[in-house]
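*Asks:* Submitted below is the structure of interest, expressed as structure tokens.
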Amino acid sequence: MMGVAFMKKLLSILLLLVLLGGLILMLPGYLSVASFDEPVEIVVPNGASLHQVAELLHQEGVIKSKAWFKHLAKAENVDRSIKPGNYIFSPNITISQIFELLKKGTPGKPVILTVPEGYTLFQIAQRVESLNLGTAEEFLAATEKYYEENYDFQTDNLYFNLEGYLYPDTYHFNNTSTPEDIVWRMAKTMEDIFTQEFKSRADELNLTLHEVLTIASIIEREAYHDEERPTVSGVIYNRLKINMLLQIDATVIYGLGEGKEHINRVLYAHLETPNPFNTYKNTGIPPGPIAAPGKASIHAALYPEEHDYLYYVLGENGHVFGKTYQEHLRNVESYQKIINRQ
1 MMGVAFMKKL
11 LSILLLLVLL
21 GGLILMLPGY
31 LSVASFDEPV
41 EIVVPNGASL
51 HQVAELLHQE
61 GVIKSKAWFK
71 HLAKAENVDR
81 SIKPGNYIFS
91 PNITISQIFE
101 LLKKGTPGKP
111 VILTVPEGYT
121 LFQIAQRVES
131 LNLGTAEEFL
141 AATEKYYEEN
151 YDFQTDNLYF
161 NLEGYLYPDT
171 YHFNNTSTPE
181 DIVWRMAKTM
191 EDIFTQEFKS
201 RADELNLTLH
211 EVLTIASIIE
221 REAYHDEERP
231 TVSGVIYNRL
241 KINMLLQIDA
251 TVIYGLGEGK
261 EHINRVLYAH
271 LETPNPFNTY
281 KNTGIPPGPI
291 AAPGKASIHA
301 ALYPEEHDYL
311 YYVLGENGHV
321 FGKTYQEHLR
331 NVESYQKIIN
341 RQ
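Numbering (the UniProt record's numbering), first residue to last: 1 to 342.
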């Protein structure tokens, strides 16, 4: 009897050791999942290796240890069944849930959304609708919802509250993505672009995020090429310093169409039409952004070139800048000659 009891006790101890061993093996895997507060979206390309997936997850802060992730993935044969797709990893996800997602894949077909720099929110909404990712109205409603949940800046005289707050870039979605998914991703990308360096610089200039994006959006619509963005920015700041009207056509165009319609040529009558965005009538910057600025324009808005220019007009290979009104008139005359030759 003592022999049977001893064997039972021995088996119990061995079983406990096996369980403890399993827990010890699994513990680093669970610890390898990082702590993050918001959903993380990762695109796994077709044919991606386990090493590439581990690298992506580690770069985006989903896992702590690439080595343990790969070790556990191989132990569960995940390395042989990784599916490509657009994955969203929620906070508090476990390593086992990550493996299940990677093996199951994401439903739907991939959809690529490309938003050029300088697009208005209305144009982005139209592009989203053209890709069958929701109607333009649904997308615009999603932007208003995001604004209400995340921002509290003054919205008087704005046509679209989130104008300028969605970063222009190429995004990978799938045909089950919603307008809310798209707005969240684009807004978060803009927030990531606006680094701590940018925030500190904005504080130095005594500017809010809203004001920086407004100036950046004007630069985005006005600059002919990247090299002149800081110069255009300098003109804007020079005029603001002396309380001079900005007199920027792009703001007039945006105001006339209330953020929706564009005109090809600005006429004198347009300049005389009163609206909050008409910088020929109103001093200072407009009440908000007029388009989606890229990183180069945001940088230019924060680091304007120091010069004495107050005017510019489009020439053959970009804008020609002038310090005085007389110099500007000569530049305009030269531009008219170019137009007449065409």
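Don't be surprised by glycine CBs; every beta carbon is placed ideally from N, CA and C.
Does T189 come out as helix, strand or coil in the three-state DSSP assignment?
*Replies:* Your numbering for residue 189 matches position 189 in the sequence shown. It is helical.
*Asks:* Please return the same chain residues whose Cβ sits closer than 7 angstroms to the Cβ of Y147, not counting the five positions on each side in sequence.
*Replies:* Locating residue 147 in the sequence shown gives position 147, counting from the first residue. These residues qualify, in order along the chain: N161 and L162.
*Asks:* Taking 7 angstroms as the threshold (C-beta atoms), are E220 and G118 in contact?
*Replies:* By one-based count along the sequence shown, residue 118 stands at place 118. By one-based count along the sequence shown, residue 220 stands at place 220. Yes; because the gap between Cβ atoms is below 7 angstroms, this pair is in contact.
*Asks:* Using the Cβ count rule (16 or more neighbours within 10 Å means buried), how would you classify A67?
*Replies:* What you label residue 67 is simply residue 67 of the sequence shown in a count that begins at 1. Under this definition A67 is an exposed residue.
*Asks:* Quick check on the burial criterion: 16 or more other C-beta atoms within 10 angstroms. Buried or exposed for D181?
*Replies:* Counting from 1 along the sequence shown, the entry for residue 181 is found at position 181. Under this definition D181 is a buried residue.
*Asks:* Please report how far the alpha carbon of A250 lies from the alpha carbon of H307, in whole angstroms.
*Replies:* The sequence position of residue 250 within the sequence shown is 250, counting from 1. The sequence position of residue 307 within the sequence shown is 307, counting from 1. Going by the C-alpha atoms only, they are around 22 angstroms apart.
*Asks:* Determine the extent of the beta strand (DSSP E) in which Y87 is found, giving its start and end residues.
*Replies:* Translated into positions along the sequence shown, residue 87 becomes position 87. Its beta strand (DSSP E) spans residues G85 to F89.
*Asks:* If we count the other Cβ atoms within 10 Å of its Cβ and call it buried at 16 or more, is T195 buried or exposed?
*Replies:* Here residue 195 is taken as the residue at index 195 of the sequence shown, counted from 1. Under this definition T195 is an exposed residue.
*Asks:* Who pairs with V313 in a beta bridge, going by DSSP?
*Replies:* As a working note, residue 313 is residue 313 in the sequence shown. In DSSP, V313 forms a bridge with V320.
*Asks:* Rounded to whole angstroms, what's the CA-CA distance from Y151 to A141? Just pull it up for me.
*Replies:* If you number the sequence shown from 1, residue 151 lands on position 151. If you number the sequence shown from 1, residue 141 lands on position 141. For Y151 and A141, the distance between alpha carbons rounds to 15 angstroms.
*Asks:* Can you find a C-beta in chain C that's less than 7 angstroms from the C-beta of K337?
*Replies:* Protein chains in the displayed structure number just one, and chain C is not present.
*Asks:* Does the distance from the CB of T214 to the CB of P289 come in under 7 angstroms?
*Replies:* Reading the sequence shown from its first residue, position 214 is the one you call residue 214. Reading the sequence shown from its first residue, position 289 is the one you call residue 289. Going by C-beta atoms, T214 is nearer than 7 angstroms to P289.
*Asks:* Between which residues of its own chain and L23 is the CB-CB distance below 6 angstroms, once the five residues before and five after are set aside?
*Replies:* Numbered from its first residue, the sequence shown carries residue 23 at position 23. In this predicted model, L23 has a pLDDT of only 49, less than 50, meaning its place in the structure is not dependable enough to derive any value.
*Asks:* On the criterion of 16 or more Cβ atoms from any shown chain inside 10 Å, does G47 qualify as buried, or is it exposed?
*Replies:* Translated into the one-based positions of the sequence shown, residue 47 becomes position 47. Answer is exposed; the Cβ neighbour count stays below 16.
*Asks:* Using only the alpha-carbon positions, how far apart do G318 and Q123 sit?
*Replies:* For the purposes of this step, residue 318 is identified with residue 318 of the sequence shown, where counting begins at 1. For the purposes of this step, residue 123 is identified with residue 123 of the sequence shown, where counting begins at 1. Approximately 25 angstroms between the Cα atoms of the pair.
*Asks:* I believe V40 touches F99 by the beta-carbon criterion, under 8 angstroms. Please report the beta-carbon distance rounded to the nearest angstrom.
*Replies:* The residue labelled residue 40 in the question sits at position 40 within the sequence shown. The residue labelled residue 99 in the question sits at position 99 within the sequence shown. In fact, because the Cβ distance is near 16 angstroms, the residues do not count as touching under 8 angstroms.
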